[in-house]
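Residue numbers -15 to 375, in our numbering, belong to the letters of the sequence shown in order.
Here's the structure we're looking at; comments come further down.
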Amino acid sequence: MLDLCRPLAGLLALVLAGTPGAGDESRPVDFFDLRGLLEGVLGGLGVPEMPAAPSAAKPGSGPASGVFAGNWIPLNRWSEASGFAPPRLVAGGAQPVYALDTPGGRFLVRIGSEQANWEGLEVRLGYAPQLIDQQPWIHALDLKKTVQPLLRGLPEPEPARPRTVVIDPGHGGVDTGTRNAAGSLREKDCTLDWALRLRELLSAQGWRVYLTRSNDVEVSIASRVALAERLNADLFVSLHFNSAAPNDSESGLETYCLTPAGLPSNLTRGYPDDAGQVFPNNAWDDENLRLAARVHRELLRANGSTDRGLRRARFLGVLRGQQRPAILVEGGYLSNPREARQIGMPEHRQKLAEAVARALLGSRTQFAASGHPAGGVGASTNGVPLEAPSD
């Protein structure tokens, strides 16, 4: 090991000398510019190939980058090459926890668990980090697609730039979605009310806001995606509520984006999960994750719910075809009696709307007691819905 470290140190110094310093903000540091260096390190250390590398991309679905597929990287080597302090052991036991402290925040990983944590937010990795020779190793795709985008931070939205957003109230018509145990609360009604409140808040700030439905009608997944495409929307946000019935104890918030090619999903619900597939929305993997993190953070601040994490799923058809940053939010569990009571309260749904609006407008946005943004007057949610323009 010492023989390997000596030439590595010199090579690291040479490579790091060419990377931007702390005062160089001309471009974000791409830690994976050190790919060749890391591949050399991996070859010298005998990288384990478990889990197996993902299958090749399906014809016509776009090529999946296999540069890091199947590779495991020692976290201390990666942090050293990136100019960070080495990871610190902060909790022992059967599944020790390591902390990586960086200018972009603290990232915690637990050996043998996909559950990680960044700046207080639960984050789900694709693969559970491993302990090899008493050192934490992490899958390279998790570094590239989860750790690196978050360590670049969550910049505040540009306040002077109103944007076009499509808000998608989940379900509708004969598709009621889930409901509470008593059957009195239907997901389709709660998501529509949430969307109408959110539309009001964003419209008052000059945003162009369109809903995939503005009343109780069924809208196909393809139509929801097509609307965002026709409007050339900047963002797409799908609103849902969760269920674990008959389990009534599960609770909390989850925020989803599309699974990057090469990684397994955190949720499949029995659908095939081909890691080799590449969808149009995968071009926005980094932006999806940062948007999800902003929304998730504000929702947790608003109602103090259990943090069930930033997650990835590949079966979510409403996200796969999006050619813009797109996320799906699960705002709580209707199968949980306590959370169902909250969700049934208009003031709680207003809090959810304000949280998402604050994530999009900027965390410093203040809302008046009426629910309108301070200084703005929105149209009533009982008024005529803002419809998408016809072709």
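By construction, the Cβ of each residue, glycine as well, lies at the ideal position given by its N, Cα and C atoms.
Note that this is a predicted model, so its numbers are computed, not measured.
#### Entry: Sufficient close CB pairs (3 or more, under 8 angstroms) joining the region 102 to 109 to the region 277 to 297
yes
### Task
Apply the 10 Å Cβ neighbour rule to Ser49 and answer buried if 16 or more other Cβ atoms are within range, or exposed otherwise.
Annotation note: pLDDT 37 at Ser49 (below 50); position unreliable, coordinate value reported separately. Ser49 is exposed by the Cβ-count criterion.
### Task
Pick out whichever of Lys128, His155, Leu247, Ile95 has its Cα sitting closest to the Cα of Val302.
His155
### Message
Suppose you measure from the CA of Trp56 to the CA of Ser204; what does that come to, to the nearest Å?
### Response
40 angstroms
### Message
Using 8 angstroms as the cut-off, can you tell me whether the region 117 to 135 makes contact with the region 84 to 92, which would need three or more C-beta pairs spanning the two stretches below that distance?
### Response
yes
### Message
Between the alpha carbons of Val340 and Glu282, how many angstroms are there, rounded?
### Response
7 angstroms
### Query
Do you know offhand how far Asp232's Cα is from Asn320's?
5 angstroms
#### Entry: Those residues which DSSP pairs with Ser222 across a bridge
Asp152, Leu312
### Task
Check whether the Cβ atoms of Leu125 and Leu247 lie closer than 8 angstroms to each other.
yes
### Query
Going along the chain, which residues of its own chain have a beta-carbon closer than 7 angstroms to the beta-carbon of Pro141, five neighbours each way excluded?
Leu344, Leu345, Gly346
### Task
Taking only the alpha-carbon atoms, compute the straight-line gap between Ala179 and Leu169 and give it to the nearest angstrom.
16 angstroms
### Task
Could you tell me whether the Cβ atoms of Glu171 and Phe220 are closer together than 8 angstroms?
no
### Query
Where does Gly316 land, buried or exposed, given buried means 16+ other C-beta within 10 angstroms?
buried
### Task
List the whole-angstrom C-beta distance separating Tyr194 from Leu215, where the pair is believed to meet the contact cut-off of C-beta under 8 angstroms.
6 angstroms
### Task
Please determine, among Thr239, Gln79, Asp257, Val150, the residue with the shortest C-alpha to C-alpha distance to Val209.
Val150
### Query
Is the CB-CB distance between Arg278 and Leu182 below 8 angstroms?
no
### Message
Using only CA atoms, which one of Leu251, Thr243, Thr160, Ala78 lies nearest to Gly96?
### Response
Ala78
### Query
Taking the beta strand (DSSP E) that Leu242 falls in, what are its first and last residues?
237 to 242
#### Entry: Rounded C-alpha distance that separates Leu185 from Leu115
47 angstroms
### Message
So for Asp270, helix, strand or coil by DSSP?
### Response
helix
### Query
Where Pro264 and Cys241 are concerned, what is the direct C-alpha to C-alpha distance, given to the nearest angstrom?
13 angstroms
### Message
When you compare the CB positions of Asp270 and Gly236, do they come within less than 8 angstroms of one another, or not?
### Response
no
### Query
In three-state terms, what does DSSP make of Thr86?
strand
#### Entry: Close Cβ partners of Arg72 (< 7 angstroms) along its chain, the five nearest in sequence each way excluded
Tyr82, Ala83
### Query
In terms of residue numbering, what span does the alpha helix (DSSP H) encompassing Gly301 cover?
301 to 304
### Query
Below 8 angstroms between beta carbons: does that hold for Asn272 and Ala217?
no
### Task
Could you name the residues that DSSP lists as bridge partners for Val107?
Ala100, Leu294
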